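Counting in this note's numbering, the final residue of the sequence shown is number 153, and the numbers go up one at a time with none missing.
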Amino acid sequence: MRITFILLILLGLSTPALAQDAIEDPVFVFQRVNVLVAHHDNNFSLRVWRDGRAEMRFPPYAAQAGHYRWQIDPHSQAELEAQFSRLDELDLGGLAARMARQRGETLVEISDADWLRLEYRQSGRDAVKVMLESPDAWHRALPEITELASLAELQTEIFDWMQRNAR
(Lines of atoms letter the chains of each structure in order from A and count residues from 1; the text may use other names and numbers.)
(Lines give C-alpha, C1' and ligand atoms only; values in the text may rest on other atoms or scores of the structure.)
Protein backbone atom coordinates (compact mmCIF):
# COMPACT_ATOMS: atom_id res chain seq x y z
CA MET A 1 0.00 0.00 0.00
CA ARG A 2 1.15 3.53 -0.56
CA ILE A 3 0.11 7.15 -0.19
CA THR A 4 -0.06 9.36 -3.23
CA PHE A 5 0.55 12.97 -2.32
CA ILE A 6 2.28 16.09 -3.39
CA LEU A 7 3.93 18.14 -0.69
CA LEU A 8 6.31 21.04 -0.99
CA ILE A 9 7.71 22.69 2.09
CA LEU A 10 10.36 25.36 1.83
CA LEU A 11 12.00 26.32 5.07
CA GLY A 12 14.94 28.61 5.22
CA LEU A 13 15.57 28.33 1.49
CA SER A 14 15.13 32.03 0.93
CA THR A 15 18.07 34.37 1.14
CA PRO A 16 18.53 36.38 4.33
CA ALA A 17 16.19 39.34 4.56
CA LEU A 18 17.63 42.42 2.91
CA ALA A 19 16.44 45.92 3.72
CA GLN A 20 14.92 46.24 0.23
CA ASP A 21 13.12 42.89 0.60
CA ALA A 22 11.62 43.95 3.92
CA ILE A 23 10.02 46.92 2.17
CA GLU A 24 8.76 45.11 -0.93
CA ASP A 25 7.87 41.59 0.21
CA PRO A 26 4.64 41.05 2.12
CA VAL A 27 4.97 39.94 5.73
CA PHE A 28 1.93 37.66 5.45
CA VAL A 29 0.85 35.72 2.36
CA PHE A 30 -2.13 33.38 2.15
CA GLN A 31 -3.31 31.76 -1.05
CA ARG A 32 -5.87 29.02 -1.53
CA VAL A 33 -6.21 27.70 -5.09
CA ASN A 34 -9.44 25.89 -5.91
CA VAL A 35 -8.30 23.40 -8.57
CA LEU A 36 -11.82 22.26 -9.42
CA VAL A 37 -12.75 25.64 -10.89
CA ALA A 38 -12.60 25.36 -14.65
CA HIS A 39 -10.99 28.71 -15.38
CA HIS A 40 -7.88 30.50 -14.18
CA ASP A 41 -9.69 32.81 -11.78
CA ASN A 42 -9.71 30.27 -8.99
CA ASN A 43 -7.80 31.59 -5.99
CA PHE A 44 -8.37 33.40 -2.75
CA SER A 45 -5.43 35.50 -1.62
CA LEU A 46 -4.23 37.82 1.10
CA ARG A 47 -1.02 39.84 1.25
CA VAL A 48 -0.09 42.22 4.06
CA TRP A 49 3.04 44.37 4.18
CA ARG A 50 4.93 45.56 7.23
CA ASP A 51 3.53 49.10 6.87
CA GLY A 52 -0.03 47.76 7.17
CA ARG A 53 -0.98 47.83 3.50
CA ALA A 54 -3.29 44.93 2.79
CA GLU A 55 -4.51 43.39 -0.43
CA MET A 56 -7.09 40.65 -0.58
CA ARG A 57 -8.80 38.93 -3.46
CA PHE A 58 -11.84 36.71 -3.74
CA PRO A 59 -12.76 35.05 -7.08
CA PRO A 60 -16.02 35.96 -8.88
CA TYR A 61 -17.91 32.94 -7.57
CA ALA A 62 -17.27 33.84 -3.90
CA ALA A 63 -19.82 35.79 -1.84
CA GLN A 64 -17.20 38.51 -1.21
CA ALA A 65 -16.01 38.56 -4.85
CA GLY A 66 -13.60 41.36 -5.59
CA HIS A 67 -10.22 42.88 -5.02
CA TYR A 68 -9.73 44.77 -1.75
CA ARG A 69 -6.94 47.17 -0.80
CA TRP A 70 -6.77 49.03 2.48
CA GLN A 71 -4.60 49.95 5.43
CA ILE A 72 -5.24 47.50 8.25
CA ASP A 73 -5.40 48.65 11.82
CA PRO A 74 -2.82 47.53 14.42
CA HIS A 75 -5.34 45.18 16.08
CA SER A 76 -5.99 43.32 12.80
CA GLN A 77 -2.28 43.15 12.09
CA ALA A 78 -1.70 41.69 15.56
CA GLU A 79 -4.39 39.06 14.87
CA LEU A 80 -2.60 37.99 11.71
CA GLU A 81 0.76 37.99 13.51
CA ALA A 82 -0.66 35.64 16.14
CA GLN A 83 -2.06 33.33 13.47
CA PHE A 84 0.96 33.22 11.18
CA SER A 85 3.45 32.96 14.05
CA ARG A 86 1.99 29.54 14.79
CA LEU A 87 3.96 28.32 11.76
CA ASP A 88 7.10 28.69 13.92
CA GLU A 89 5.67 26.18 16.40
CA LEU A 90 5.18 23.40 13.83
CA ASP A 91 7.76 20.83 12.80
CA LEU A 92 7.33 21.58 9.12
CA GLY A 93 10.79 20.29 8.25
CA GLY A 94 9.82 16.78 9.31
CA LEU A 95 6.33 16.86 7.84
CA ALA A 96 7.29 15.49 4.42
CA ALA A 97 9.25 12.65 6.00
CA ARG A 98 6.40 11.68 8.33
CA MET A 99 3.93 11.69 5.44
CA ALA A 100 6.31 9.60 3.32
CA ARG A 101 6.66 6.99 6.11
CA GLN A 102 2.93 6.36 5.87
CA ARG A 103 3.34 5.06 2.31
CA GLY A 104 3.85 1.48 3.38
CA GLU A 105 1.00 1.53 5.87
CA THR A 106 -1.96 3.16 4.13
CA LEU A 107 -3.38 3.54 0.66
CA VAL A 108 -4.61 7.10 0.30
CA GLU A 109 -5.25 9.13 -2.80
CA ILE A 110 -6.64 12.65 -2.81
CA SER A 111 -7.49 13.85 -6.26
CA ASP A 112 -8.18 17.44 -7.22
CA ALA A 113 -7.13 18.76 -3.83
CA ASP A 114 -6.95 22.52 -3.37
CA TRP A 115 -3.52 24.05 -2.82
CA LEU A 116 -2.56 26.12 0.22
CA ARG A 117 0.34 28.55 0.26
CA LEU A 118 1.46 30.40 3.39
CA GLU A 119 4.41 32.73 3.81
CA TYR A 120 5.49 34.53 6.96
CA ARG A 121 8.40 36.97 7.06
CA GLN A 122 9.67 38.12 10.41
CA SER A 123 12.10 41.00 10.59
CA GLY A 124 15.70 39.80 10.44
CA ARG A 125 14.80 36.15 9.77
CA ASP A 126 14.37 34.01 6.71
CA ALA A 127 10.82 33.61 5.50
CA VAL A 128 8.82 30.52 6.45
CA LYS A 129 7.15 29.25 3.29
CA VAL A 130 4.70 26.39 3.08
CA MET A 131 2.89 25.08 0.03
CA LEU A 132 0.95 21.84 0.07
CA GLU A 133 -2.18 20.17 -1.11
CA SER A 134 -5.23 20.70 1.02
CA PRO A 135 -4.11 20.16 4.63
CA ASP A 136 -7.73 19.60 5.71
CA ALA A 137 -8.13 16.67 3.28
CA TRP A 138 -4.75 15.21 4.24
CA HIS A 139 -5.56 15.60 7.93
CA ARG A 140 -8.67 13.45 7.43
CA ALA A 141 -6.55 10.85 5.62
CA LEU A 142 -3.61 10.96 8.06
CA PRO A 143 -5.01 12.13 11.42
CA GLU A 144 -1.90 11.01 13.30
CA ILE A 145 0.16 13.81 11.71
CA THR A 146 -0.70 16.72 13.97
CA GLU A 147 0.94 19.38 11.76
CA LEU A 148 -1.72 18.71 9.10
CA ALA A 149 -4.45 19.40 11.65
CA SER A 150 -2.71 22.59 12.73
CA LEU A 151 -2.30 23.79 9.14
CA ALA A 152 -5.95 22.99 8.37
CA GLU A 153 -7.06 24.96 11.44
CA LEU A 154 -4.76 27.86 10.59
CA GLN A 155 -6.10 27.94 7.04
CA THR A 156 -9.67 28.15 8.34
CA GLU A 157 -8.81 30.92 10.81
CA ILE A 158 -7.06 33.05 8.20
CA PHE A 159 -9.88 32.55 5.72
CA ASP A 160 -12.42 33.55 8.40
CA TRP A 161 -10.32 36.67 9.09
CA MET A 162 -10.40 37.48 5.37
CA GLN A 163 -14.18 37.13 5.20
CA ARG A 164 -14.68 39.35 8.26
CA ASN A 165 -12.41 42.01 6.78
CA ALA A 166 -13.84 42.05 3.25
CA ARG A 167 -15.21 45.55 2.85
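Each residue gets a CB set at the ideal place from its N, CA and C atoms; glycine is no exception. On a predicted model such as this, the values are computed, not experimentally measured, just so you know.
The Cβ-Cβ distance between Q17 and R150 does not fall below 8 Å.
In the DSSP assignment, Y106 is bridged to F14, V114. In terms of Cα proximity to N28, the closest of F14, E133, F44 is F44. Under DSSP, N29 forms a beta bridge with V19. Take the alpha-carbon of A127 and the one of M85: they are about 11 Å apart.
For the set E143, R39, G110, the Cα lying nearest the Cα of D122 is the one of E143.
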